[in-house]
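First comes the structure, then the notes that go with it.
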Amino acid sequence: MKKFTCVQDIGNLKSALAEAFEIKNDRFKYVEMGRNKTLMMIFFNSSLRTRLSTHKAAMNLGMNVMVLDINQGAWKLETERGVIMDGDKPEHILEAIPVMGCYCDIIGVRSFARFEDREYDYQEVIINQFIQYSGRPVFSMEAATRHPLQSFADLITIEEYKKKPRPKVVLSWAPHPRPLPQAVPNSFAEWMNATDYEFVITHPEGYELAPEFVGNARVEYDQMKAFEGADFIYAKNWAAYSGDTYGQILSKDRDWTVSDRQMAVTNQAYFMHCLPVRRNMIVTDEVIESQQSIVIPEAANREISATVVLKRLLEGLE
Ligand code: CP
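So this is what it looks like as structure tokens:
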């Protein structure tokens with residue numbers, strides 16, 4: 405594998421899942437593979453799970469790890485080409501990226517949507533510059549439009565907990581005080597659409613995701629109706645995508661907060677969320693603390709998805 409930014413990059417899901425469970429069974433099985441290889445993790449945005457699970461995955465494979473927080477201790481980076489650099493940014497990303505590439509074998513990048521310009525965000529300018537100019541295999545640690553390491557971990561988790569071959573999985577919008585990117589819901593939808601699960605997306609009108617991510621999913625504006633008979637509830641907030649509402653909060657309706665009321669109509673569904681989660685905005689204390697909540701095993705599987713991805717990138721090195 406030469407890069408990992410979307411579901412297509414992982415190829416056949418059945419073999420990716422088989423590899424995930426092989427590694428889960430013996431996570432140090434390939435500890436010799438990364439000897440004398442260096443992972444560089446570049447963070448333009450904060451992280452807890454991605455930072456720790458990817459670092460652990462690299463250690464599972466025997467790799468060395470370097471971490472750079474762009475906003476803490478690095479030069480401020482100019483990211484636009486053609487800018488006269490007379491402001492507060494002393495380094496251009498077009499020099500910084502190939503320099504970073506000199507010091508490592510594989511690069512992971514986290515760079516969120518900025519919500520200034522939808523076209524700019526959806527072109528994935530930052531991670532694509534890393535792919536183009538670093539000379540190294542690059543993987544997403546959450547980019548503007550997708551979070552594939554999370555979605556792969558979500559898929560592993562559903563496969564572990566499902567009680568029937570084709571579960572009903574519901575992605576539900578939930579309220580949040582700040583506008584959040586669409587990367588997690590986009591990516592979750594993309595991965596669910598690549599399975600044969602029954603997949604439903606529910607959100608208030610105005611929160612439609614980009615059509616290329618919705619795919620063949622059923623969109624249901626009535627949250628209670630969507631939850632009926634569900635086997636998995638995946639809650640997430642996202643800001644509006646459509647037209648001139650891009651990046652805006654259109655609703656903070658706490659009727660959409662996942663509570664015992666909605667969970668009661670499900671098929672004893674498991675509750676999932678990528679974390680971090682705002683309790684009693686996204687989900688009530690009762691639901692996230694219930695037996696049906698699998699947010700911790702879901703987070704634990706981030707180590708597994710990252711180990712599979714790094715292993716495949718190591719295998720692809722020339
Ligand atoms: N789910 C997730 O990516 O968590 P972090 O933002 O803490 O990395």
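Just so we're aligned: 600 in the working numbering is position 196 of the sequence shown, and the numbers increase by one with no gaps anywhere. Each residue gets a CB set at the ideal place from its N, CA and C atoms; glycine is no exception. Model, not experiment: these values are computed from the prediction.
Could you check whether the Cβ of residue 624 sits closer than 7 Å to any heavy atom belonging to the ligand CP?
Every heavy atom of the ligand CP is 7 Å or more from the Cβ of residue 624, so no.
Regarding residue 452 and the ligand CP, is the C-beta to nearest heavy atom distance less than 7 Å?
At a cut-off of 7 Å, the beta-carbon of residue 452 counts as near the ligand CP: some heavy atom of the ligand is closer than that.
Hey, is the stretch 705-713 in contact with the stretch 418-432, meaning 3+ C-beta pairs nearer than 8 Å?
Contact between the stretch 705-713 and the stretch 418-432 is present, because at least three Cβ pairs lie under 8 Å.
Simplified DSSP state of residue 604, which is helix, strand or coil:
Three-state DSSP puts residue 604 in a strand.
Taking 8 Å as the threshold (C-beta atoms), are residue 561 and residue 512 in contact?
Against a cut-off of 8 Å, the Cβ pair of residue 561 and residue 512 comes out as no contact.
Using the Cα positions of residue 698 and residue 624, report the straight-line distance between them to the nearest angstrom.
If I take the Cα positions, the gap works out to 24 Å.
Inspect the beta-carbon positions of residue 501 and residue 533 and report whether they are closer than 8 Å.
Yes. Within cutoff.
Coarse secondary structure for residue 519, derived from DSSP in three states
The answer is coil: DSSP assigns residue 519 none of H, G, I, E or B.
Over the uninterrupted beta strand (DSSP E) stretch that includes residue 638, give me the two end residues.
Annotation for residue 638: the continuous beta strand (DSSP E) segment containing it runs 636-640.
Suppose only complete runs of 3+ residues qualify. What are the beta strand (DSSP E) ranges in the stretch 642-720, listed by chain order?
If we require 3 residues or more, the beta strand (DSSP E) runs fully inside the stretch 642-720 come out as 674-676.
Do residue 580 and the ligand CP come close, with the Cβ less than 7 Å from some heavy atom?
No - the ligand CP has no heavy atom lying nearer than 7 Å to the Cβ of residue 580.
Less than 7 Å separating the Cβ of residue 546 from some heavy atom of the ligand CP?
True, at least one ligand heavy atom lies under 7 Å from that Cβ.
Beta-carbon within less than 8 Å of residue 518's beta-carbon, same chain only, minus the 5 sequence neighbours each way: which residues are those?
Closer than 8 Å at the Cβ level, and outside the excluded window around residue 518, lie 524, 525 and 548.
Where residue 505 falls: helix, strand or coil (DSSP)
Residue state for residue 505 is assigned as helix, using DSSP reduced to three classes.
Distance, Cα to Cα, residue 418 vs residue 604?
Their backbone Cα atoms lie some 22 Å apart in a straight line.
Taking the Cβ atom as the reference point for each residue, do residue 588 and residue 627 lie within a distance shorter than 8 Å?
No, these two residues do not count as a Cβ contact at 8 Å.
Does the distance between the C-beta of residue 680 and the nearest non-hydrogen atom of the ligand CP fall short of 7 Å?
Answer for residue 680: yes, Cβ within range of the ligand CP.
I need the DSSP call for residue 442, collapsed to helix, strand or coil.
Strand, per DSSP.
According to DSSP, what are the bridge partners of residue 481?
According to DSSP, residue 481 bridges with 495.
Closest by CA to residue 410, which one among 716, 640 and 591?
For the options 716, 640 and 591, the alpha carbon positioned closest to that of residue 410 is the one of 591.
Answer yes or no: do residue 443 and residue 508 have a C-beta to C-beta separation smaller than 8 Å?
Taking 8 Å as the Cβ cut-off, residue 443 and residue 508 qualify as a contacting pair.
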